[in-house]
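Residue numbers (my numbering): 902 to 1029. Cβ coordinates follow ideal geometry from the N, Cα and C atoms, glycine included. Just so you know, these numbers come straight off a predicted model, no measurement behind them.
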Amino acid sequence: FKGDPHIFGRGKITSQKCFKRYLLFFRWVVGKDPDLHLWNFIPLSELMVPIDVSVKRVLARLGVLNRESGCKWKDVVDSGEFYLLINSENKLWIDFWLSRLGLLRICNSKKQESKCEICPLEKFCVYY
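Shown next, in the form of structure tokens:
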């Protein structure tokens, strides 16, 4: 899906959320390997890539997004455009790689706790 996330229920939902759980669910049931690919009636190209705080941090440090904290629907849309520049056929693959930088504690919120020397994106980082 694209656009306003109001389709997820209550009318009071605004674009102040990034809907990570919903986007992950759609990815798991629509996406191909390693995802389940149970729903083939939704095109992969229409899915939006989920963002959490660690992915947002990496994207901000790469200059894709303009702040590290908080997550809004606009961030999901803006990062999706960036992902298409990298891989126009499948923007979902990048989620795995960006999320690992946070999960493996390579890119931490504090520069001194980050492991920049082993980060594959070090030369693109604003902290480099």
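Answer yes or no: do residue i and residue j have a C-beta to C-beta separation smaller than 8 Å?
i	j	result
Phe1025	Leu960	no
Gly981	Met949	yes
Lys921	Ile943	no
Ser1000	Ile1007	no
On a CA-only basis, which of the options is nearest residue i? Give me that one, please.
i	options	result
Leu966	Pro951, Phe983, Lys933	Phe983
Asn1009	Arg958, Leu993, Asp996, Pro1021	Arg958
Lys933	Leu999, Glu990, Lys1012	Glu990
Leu925	Trp994, Asn988, Arg968	Trp994
Determine the burial state of residue i: buried for a count of at least 16 other Cβ atoms within 10 Å of its Cβ, exposed for fewer.
i	result
Cys919	buried
Lys992	buried
Trp974	buried
Val1058	Only positions 902 to 1029 of the chain appear in the structure, and residue 1058 is not among them; the question remains open.
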